[in-house]
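Chemist: My questions will all concern the structure given below.
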Amino acid sequence: MLNDKAKAAMEQFKMEAASEVGVQLNQGYNGDLTSRQAGSIGGQMVKKMIERAEQSMAQ
């Protein structure tokens with residue numbers, strides 16, 4: 488059950504990051520993305536995770 492919640496949260500996080508960088512993602516298969524698009528989504532996710540960690544450490 489926890490694993491399903493974690494997967495759903497990560498999927499939502501990925502969709503938000505994709506939206507922020509202007510990449511249209513579909514539910515499920517997204518194998519038609521270019522490497523640049525996939526990299527920009529992953530990069531945005533890492534950027535946001537680092538920001539959250541820095542905020543957490545500052546408190």
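Going by the working numbering, the sequence shown opens with residue 488, and the numbers climb by one from there.
Quick reminder that beta carbons are idealized off the backbone N, C-alpha and C, glycines included.
None of the values given here were measured: they were computed from a predicted structure.
1) Nearest to E507 by CA position, among Q542, Q524, R539, is which residue?
2) Using a Cβ-Cβ cut-off of 9 Å, state whether G518 counts as contacting chain C.
3) What number of angstroms, rounded off, separates the C-alpha of V510 from the C-alpha of I528?
4) For the alpha helix (DSSP H) that L489 lies in, which residues bound it at each end?
5) Return the residue from the list G530, K501, A540, M532 that minimises the CA-CA distance to N517.
Modeler: From the atom records:
1) Taking the sequence shown and counting its residues from 1, the one referred to as residue 507 is at position 20. E507 has its Cα closest to that of Q524, out of Q542, Q524, R539.
2) The chain inventory of the structure shown lacks chain C, comprising one protein chain alone.
3) Translated into positions along the sequence shown, residue 510 becomes position 23. Translated into positions along the sequence shown, residue 528 becomes position 41. For V510 and I528, the distance between alpha carbons rounds to 8 Å.
4) One-based indexing of the sequence shown puts residue 489 at position 2. DSSP places L489 inside the alpha helix (DSSP H), whose first and last residues are 489-508.
5) Here residue 517 corresponds to residue number 30 of the sequence shown, with the count starting at 1. Nearest to N517 by alpha-carbon distance, out of G530, K501, A540, M532, is K501.
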